[in-house]
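Enquirer: Here's a structure for you.
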Amino acid sequence: MERSSSPPDLPRGVSAYYASLAESLDPCVDPIAAQFVPQEAEHLTLPYETPDPIGDELYRVGRRVLHHYRDRILILANDRCATYCRHCFRRHFTGHSTGRITDAEIEEARAYIASHAEVSEALVSGGDPLMMSDDHLFQLFDALRAAKESLIIRLATRVPVVQPGRITAELGARLGRYSPLWTVIHANHPRELTPEFDRAVGHLIDNGVPVLNQAVLLRGINDDPDTLEALLRGLVERRVKPYYLFQGDLAAGTAHFRTSIDTGLTLMKEMRRRLSGLAIPTYAVDLPNGGGKVPLTEATIRRREPGWYILVDDDGVEYRYPHEG
Ligand code: SF4
Numbered sequence: 008m009e010r011s012s013s014p015p016d017l018p019r020g021v022s023a024y025y026a027s028l029a030e031s032l033d034p035c036v037d038p039i040a041a042q043f044v045p046q047e048a049e050h051l052t053l054p055y056e057t058p059d060p061i062g063d064e065l066y067r068v069g070r071r072v073l074h075h076y077r078d079r080i081l082i083l084a085n086d087r088c089a090t091y092c093r094h095c096f097r098r099h100f101t102g103h104s105t106g107r108i109t110d111a112e113i114e115e116a117r118a119y120i121a122s123h124a125e126v127s128e129a130l131v132s133g134g135d136p137l138m139m140s141d142d143h144l145f146q147l148f149d150a151l152r153a154a155k156e157s158l159i160i161r162l163a164t165r166v167p168v169v170q171p172g173r174i175t176a177e178l179g180a181r182l183g184r185y186s187p188l189w190t191v192i193h194a195n196h197p198r199e200l201t202p203e204f205d206r207a208v209g210h211l212i213d214n215g216v217p218v219l220n221q222a223v224l225l226r227g228i229n230d231d232p233d234t235l236e237a238l239l240r241g242l243v244e245r246r247v248k249p250y251y252l253f254q255g256d257l258a259a260g261t262a263h264f265r266t267s268i269d270t271g272l273t274l275m276k277e278m279r280r281r282l283s284g285l286a287i288p289t290y291a292v293d294l295p296n297g298g299g300k301v302p303l304t305e306a307t308i309r310r311r312e313p314g315w316y317i318l319v320d321d322d323g324v325e326y327r328y329p330h331e332g
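Take 8 as the starting number for the sequence shown in the numbering used here and just add one per residue.
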C-alpha cells in the first residue's frame with residue numbers, strides 16, 4: 008500500500024478526568040489512552056484518506072451551517088473539545104482555532120432555519136458545543152427556538168464521557184427547558200461508564216433530555232464481543248440508548264483504528280445473540296465523499312473486490328470502501 012507522510016492536524020489535549028481513567032499511558036495496551044495519546048501511525052495518510060472523509064464541505068450553506076439531509080441542518084458551534092480523540096473524523100474543523108460561533112453566525116443560522124420550511128431539526132455539534140460557556144450555548148439555543156418553536160435540537164457532545172463534571176444539576180435543569188432537545192454522546196468503552204458519567208447523564212435524563220450514544224468501532228478498543236457487550240449493556244442500564252455503532256470514516260491518519268466491515272458485521276450478529284433489541288445500535292457507515300449515512304448489512308455490500316468493498320446507497324449508487332482488516 009502506497010503511503011504518504013503528513014503531520015497530524017488535530018491538536019493534542021486531554022482532560023485531567025479522562026486521563027485519570029487510563030491505567031497506562033501506552034496507547035498500545037490501554038483502550039482509554041489509545042483514544043487520546045497520538046501514535047506514530049497518525050502521521051501516515053493512505054491514498055484514499057482525507058481530512059474531510061464524509062464530505063462536510065460539499066454541504067456548507069453558511070459559515071457554520073451544513074445542509075445535507077433534507078429535514079435537518081448541522082451547526083458547527085465550536086471547534087474546541089475537552090479531549091481530542093485521535094480517531095476524530097472531523098479533523099478538517101476540530102481544533103482549527105475558529106473558536107465558538109459568533110453572534111453574526113448565530114443570526115445567519117437562525118435566518119437559514121426560519122427561511123427553510125423543510126428544516127425541522129438542528130444538530131448542534133463541533134468540536135464540542137458544551138465547551139462553550141453556558142451564556143453562549145443558550146444564546147444559540149434561544150436563537151434556534153426563535154427561528155422555529157417546534158425545532159428539534161440535537162446536541163452532540165462528548166463532555167459526559169470526557170469531562171462529566173461540566174454537566175451539573177443546574178445545567179441539566181436549564182437544558183431541560185429547551186424540549187424537544189435530544190443529546191447524543193460518544194462513549195466507546197465500558198471503562199468510560201463511571202459514577203461521574205452516571206451523574207452527568209442522570210442530570211440530563213432526569214430533566215427530560217433523552218440521551219443516545221454513538222460509538223465508533225475501534226480496533227483494539229471495542230472490537231471484541233465481550234467489550235462491546237459490556238459497553239452496550241452498561242449504557243442501557245444507565246438509561247442511555249445505543250443509537251449508532253459507526254464503521255470508521257476514512258479520516259487522514261486513522262487507519263490504525265479501523266476494523267474491516269466483516270469484523271463489524273460479525274460483531275453485530277453476536278450482539279444480537281447476546282442482547283435485547285434495546286441495546287442494539289444501528290451499525291452504519293458514512294459513505295466516502297459525502298455519500299451519506301447508510302446502515303451496514305450484507306445488503307449494503309454489492310460485491311467484494313480484492314482490497315475493497317463495493318457499497319451501495321439507497322439509490323443504487325456504488326461507493327468503494329477499503330477492506331483493511
Ligand atoms: S469530541 Fe468529537 S469532535 Fe472532539 S475530537 Fe472527539 S470525536 Fe472529534
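Quick reminder that beta carbons are idealized off the backbone N, C-alpha and C, glycines included.
Check P187 in the structure and name its three-state DSSP category.
Expert: coil
Enquirer: Buried or exposed for L285, please, with buried defined as at least 16 other CB atoms from any protein chain shown within 10 angstroms of its CB.
Expert: exposed
Enquirer: Would the stretch 187-206 count as touching the stretch 219-238 if we require 3 or more Cβ pairs under 8 Å?
Expert: yes
Enquirer: Bridge partners of I82, per DSSP?
Expert: V72, V131
Enquirer: Is Y25 near ligand 1, judged by its Cβ being under 7 Å from some heavy atom?
Expert: no
Enquirer: Check the DSSP bridge columns for R165 and list the partner residues they point to.
Expert: The partner list for R165 (beta bridge, DSSP) is empty, contrary to what the question assumes.
Enquirer: Quick check: I113 and Q146, are their CB atoms within less than 8 Å of each other?
Expert: yes
Enquirer: Would E47 be called buried (16 or more neighbouring beta carbons within 10 Å of its own) or exposed?
Expert: exposed
Enquirer: Would you call the CB atoms of I61 and V72 closer than 8 Å?
Expert: no
Enquirer: Could you give the DSSP three-state label for E9: helix, strand or coil?
Expert: Interpretation of E9 is limited by its pLDDT of 32, a score under 50 that renders its predicted location unreliable; the figure taken from the coordinates is listed afterwards. Coil, per DSSP.
Enquirer: Assign E9 to one of two classes, buried (16 or more other C-beta atoms within 10 Å of its C-beta) or exposed (fewer than that).
Expert: Any reading at E9 needs caution, since the residue's pLDDT is 32, under 50, leaving its predicted position unreliable; the model's value is listed next. E9 should be labelled exposed.
Enquirer: For K248, does the three-state DSSP call read helix, strand or coil?
Expert: strand
Enquirer: Hey, would you say Y251 sits closer than 8 Å to T289, going by beta carbons?
Expert: yes
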